[in-house]
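Quick note on numbering: this note's numbering labels position 74 of the sequence shown as 103, and the sequence is numbered without any gaps.
Everything on this sheet refers to the single structure shown next.
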Amino acid sequence: MPLELPADDPCWFCRYLAGTVPYTILERDAVTATLVTFEQRGQGHVLVIPIRHVNTVIELEPREQWAVMDAVARATKASISAYDPSGVAVWQNNGIPAHQTVPHVHMHVAGTLMSGATEWGVVERSPPA
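Below, the structure written as structure tokens:
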């Protein structure tokens with residue numbers, strides 16, 4: 030049975046990468062980009078994505094798998110350096126039942142909050158700037 034995915038037209042991440050919608054991109058290379066998410070669920074919450082539009086982690090090519098995880102490690106180190114959190118959460122969701130809302134594979138990296146963990150409820154949406 031295939032995964033139940035959210036609609037992907039338009040793909041917001043692809044629009045951000047194309048520059049047609051304002052977004053903060055911290056780092057970008059030929060294979061990955063690291064974006065500052067609008068929904069800060071932890072300290073310095075960022076998203077690591079492949080440049081190529083891919084719906085789920087199981088569709089990543091081996092080169093993309095390595096590049097995404099390398100970017101996740103760099104984002105984790107940057108979070109620790111910038112925020113000095115007591116922990117860092119890294120997570121990824123595939124399919125609507127797993128709470129995937131954007132059908133472009135992405136890894137979340139966020140320093141834990143002062144109270145511990147990350148925020149899973151409704152959070153204030155930050156402006157693109």
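C-beta atoms are modelled at their ideal positions from N, C-alpha and C, and glycine is treated no differently.
Beta-carbon gap between residue i and residue j smaller than 8 Å
i: Thr61; j: Pro79; result: yes
i: Leu76; j: Leu64; result: yes
i: Ser108; j: Val83; result: no
i: Val152; j: Glu68; result: yes
i: Glu33; j: Pro126; result: yes
Residues that DSSP places opposite residue i in a beta bridge
i: Ala118; result: Ala139
i: Arg92; result: In the DSSP output, where bridge partners are listed per residue, Arg92 has none listed.
i: Arg57; result: Ala62
Rounded C-alpha distance that separates residue i from residue j
i: Gln72; j: Lys106; result: 13 Å
i: Tyr112; j: Arg70; result: 14 Å
Where the beta strand (DSSP E) through residue i begins and ends
i: Leu34; result: Unbroken run through Leu34: none, as it is neither H nor E.
i: His74; result: Gln72 to Pro79
### Query
Just checking, does the stretch 94-105 make contact with the stretch 143-151 on the three C-beta pairs under 8 Å criterion?
In short, these stretches do not touch, since the Cβ pair count stays below three.
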